[in-house]
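The structure under discussion appears below in the form of structure tokens.
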Amino acid sequence: MTGSTSTTPSAEEFRDTMDRDGYVVFRDVVSRDRLALFHDELRTEFDRISASDEMFEGGGLMSGHLNCFPGERARFVFEEIKAHGIVDLIRTYRPEIADAPRATLNFNLPGSVAQHYHVDDAFLKEFLICNVAVVDTEIENGAIDVLPGTNREFIPYWKFALERKHRLSTRLPLRAGDAVVRSSILWHRGMPNRSSEPRPMMAVTFGEIEPNDDPFITNGGQMEFYPNWFRTSRLGRLRERVTVAAPITYSAYRFATSLVSKKGYESF
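First residue of the sequence shown? That's 403 in the working numbering, and the numbers climb one at a time after it.
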């Protein structure tokens, strides 16, 4: 089995591909019509808070990558990935995390910059992410860049750099409704959105948090935009500004610290 499939793979195929590549692409999982309505709701809410005093400073606004809790209005996405058999596959692969979903969303703004390559959690704390394209996602508007196979071992940043792992770069264009199940320890990065419209990408994670009776009722079930890993403090805004203007500075910092630390193996 390759990393992309238009049919639901067997449990064995799913396991083998996840272990080898760190991700599996599923085509035509979620209704495009329902996603189009959800997209309109996202845009309306983003435009509302952008025009108000509710929008924070920094926190991803300069780099162009924001986080969002999608709320009750995104429940249908979870229901449809379950109906497609994806949650059942996750249960056969990692039964201990299948009942611990969390709903979130990446909002990639026009003019965003490339993120640094990263993993989403420490090597010993692997969880799974099911991304669902809310809109057609091409190179132009920031299709995710993954490095297949980098999930197989712990890779300190000095080794990542010296072995030039970036040469494994694989972009994953998706149509609205397509899904990607990937490991949290697969190296990847968000990419620039060169279009004129924000590009949302829904995510349901499995095993990132403790089991929750209902992952869609957080914040009273209301949609909420919030910062990514950049903080909104003065220092956080400065760090984001420097990282955007001179990304090599952060790469140098990561390289140096990885020589004397196993940060990212047991924890960050």
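Yeah, the Cβ is synthetic: ideal placement off N, Cα and C, and Gly gets one too.
Please list the terminal residues of the continuous alpha helix (DSSP H) segment that includes residue i.
i, result
"R639", "R636 to A647"
Flag this pair as yes or no: are the beta carbons of residue i and residue j separated by less than 8 Å?
i, j, result
"R475", "D538", "no"
"G466", "S433", "no"
"N469", "T506", "yes"
"W589", "L526", "no"
"E482", "V431", "yes"
"H486", "F440", "no"
"P512", "S598", "yes"
"M593", "G551", "no"
"F608", "A500", "yes"
"D547", "R591", "yes"
"R436", "F618", "no"
"S660", "Y559", "yes"
"F627", "I451", "yes"
"N630", "G461", "yes"
Which word fits residue i, buried or exposed, when buried means at least 16 other C-beta atoms lie within 10 angstroms of its C-beta?
i, result
"T494", "exposed"
"N595", "buried"
"I492", "buried"
"E642", "buried"
"A658", "exposed"
"E612", "exposed"
"R584", "buried"
"P503", "buried"
"A438", "exposed"
"N621", "exposed"
"D442", "exposed"
"F448", "buried"
"L530", "buried"
"Y655", "exposed"
"V662", "exposed"
"Q624", "exposed"
"D423", "buried"
"D616", "exposed"
"E498", "exposed"
"S586", "buried"
"A581", "buried"
"F509", "buried"
"L574", "buried"
"I488", "buried"
"L444", "buried"
"F562", "buried"
"F416", "buried"
"E565", "exposed"
"E668", "exposed"
"E456", "exposed"
Tell me where the beta strand (DSSP E) around residue i begins and ends.
i, result
"V536", "That residue, V536, is in no beta strand (DSSP E); it is neither H nor E in DSSP."
"R633", "It is not in any beta strand (DSSP E) - R633 carries neither H nor E in the DSSP assignment."
"M603", "R601 to F608"
"F627", "E626 to Y628"
Q | Contained beta strand (DSSP E) runs [length at least 3] in the stretch 557-598, N- to C-terminal order | A | 581-585
Q: Starting from the N-terminal side, write out each stretch of the beta strand (DSSP E) that is 3 residues or longer and does not extend beyond the stretch 487-524.
A: 503-510
Q. Unbroken alpha helix (DSSP H) runs of length 4 or more, entirely within the stretch 407-492: which are they?
A. 413-423, 434-452 and 477-485
Q: Check whether the stretch 635-652 touches the stretch 456-466, taking contact to mean three or more Cβ pairs, one atom from each stretch, closer than 8 Å.
A: yes
Q.
Contact between the stretch 524-544 and the stretch 583-603 is defined here as three or more beta-carbon pairs at a separation below 8 Å; is this criterion met?
A. yes
Q) Is there contact between the stretch 551-560 and the stretch 629-639, where contact requires at least three CB pairs shorter than 8 Å? A) no
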